[in-house]
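Remarks on the structure that follows.
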Amino acid sequence: MEKQLLKLPASALGVGLVERKFTERWPTVERYCIFGSHGFLGSRLKTHLETSGQEVIRGERNGIVDDGVDWAVYCATYGNMYNQTDRQETYKANVDTFKNVADYLFFKRIKGLIYISSSSVLLPVQTDYSSAKKMGEIV
Numbered sequence: 007m008e009k010q011l012l013k014l015p016a017s018a019l020g021v022g023l024v025e026r027k028f029t030e031r032w033p034t035v036e037r038y039c040i041f042g043s044h045g046f047l048g049s050r051l052k053t054h055l056e057t058s059g060q061e062v063i064r065g066e067r068n069g070i071v072d073d074g075v076d077w078a079v080y081c082a083t084y085g086n087m088y089n090q091t092d093r094q095e096t097y098k099a100n101v102d103t104f105k106n107v108a109d110y111l112f113f114k115r116i117k118g119l120i121y122i123s124s125s126s127v128l129l130p131v132q133t134d135y136s137s138a139k140k141m142g143e144i145v
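Going by our numbering, the letters in the sequence shown line up with residues 7 to 145, in that order.
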């Protein structure tokens, strides 16, 4: 297949012109498990992957992942909405459950695990949410 050039306008990313060469967009079908697939980012990622011909399963809140998963994406979260005030649930969703997923997948030999954090980890004064996200990064 001939190499193609993908160009995105600066307005699409908020930075200069981006060029990326690729030979095939999705050379093989892979299986993705998305935790937080009902949320803002997760639902869009799920749609994009499925539209691209990839197989996507939704991750369960208990952190168990089906066999045969190639990639896992953890974008589940709690505590960044005004009505999410349970401190214990904030740490459970952003740290404990992610750690369980990471521990479980360590022995599954998948290609990769992606943790979606938050820009709030850079705030000068940390909230329960931002500190839980930072702890998730450390896991």
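Heads up, the beta-carbon is just placed ideally off N, CA and C, and yes, glycines get one too.
All figures in this text were calculated on a predicted structure; none of them were measured in a lab.
Should the stretch 73-89 be regarded as contacting the stretch 116-127, the criterion being three or more beta carbon pairs within less than 8 angstroms? By the C-beta criterion, the stretch 73-89 is judged to be in contact with the stretch 116-127, since at least 3 inter-stretch pairs fall below 8 angstroms.
Closest by C-alpha distance to V127, when choosing among D109, K114, K117, N100: As a first step, residue 127 must be located in the sequence shown, where it is residue number 121. Residue N100 is the option with its Cα nearest to V127.
Could you tell me the alpha carbon to alpha carbon distance between R67 and F104, rounded to whole angstroms? For the purposes of this step, residue 67 is taken as residue 61 along the sequence shown, with counting starting at 1. For the purposes of this step, residue 104 is taken as residue 98 along the sequence shown, with counting starting at 1. The C-alpha of R67 lies about 10 angstroms from the C-alpha of F104.
Taking the C-alpha atoms as reference points, what is the distance between R115 and V71? As a first step, residue 115 is located in the sequence shown; it is residue number 109 there, counting from the start. As a first step, residue 71 is located in the sequence shown; it is residue number 65 there, counting from the start. Cα to Cα, R115 sits roughly 12 angstroms from V71.
Name the residue from Y97, T34, C39 whose alpha carbon lies nearest to the alpha carbon of R64. On the sequence shown, position 58 is the one that residue 64 refers to. Between R64 and the set Y97, T34, C39, the nearest pair of CA atoms involves C39.
Suppose contacts are defined by Cβ-Cβ distances below 8 angstroms. Is S58 in contact with S49 by that definition? By 1-based counting over the sequence shown, the position of residue 58 is 52. By 1-based counting over the sequence shown, the position of residue 49 is 43. Note that the C-beta distance between S58 and S49 is not below 8 angstroms.
Leaving out the 5 sequence neighbours to the left and right, which residues in its chain are closer than 8 angstroms to K117 when beta-carbon positions are compared? Taking the first residue of the sequence shown as 1, we reach residue 117 at position 111. Closer than 8 angstroms at the Cβ level, and outside the excluded window around K117, lie E36, D76, W77.
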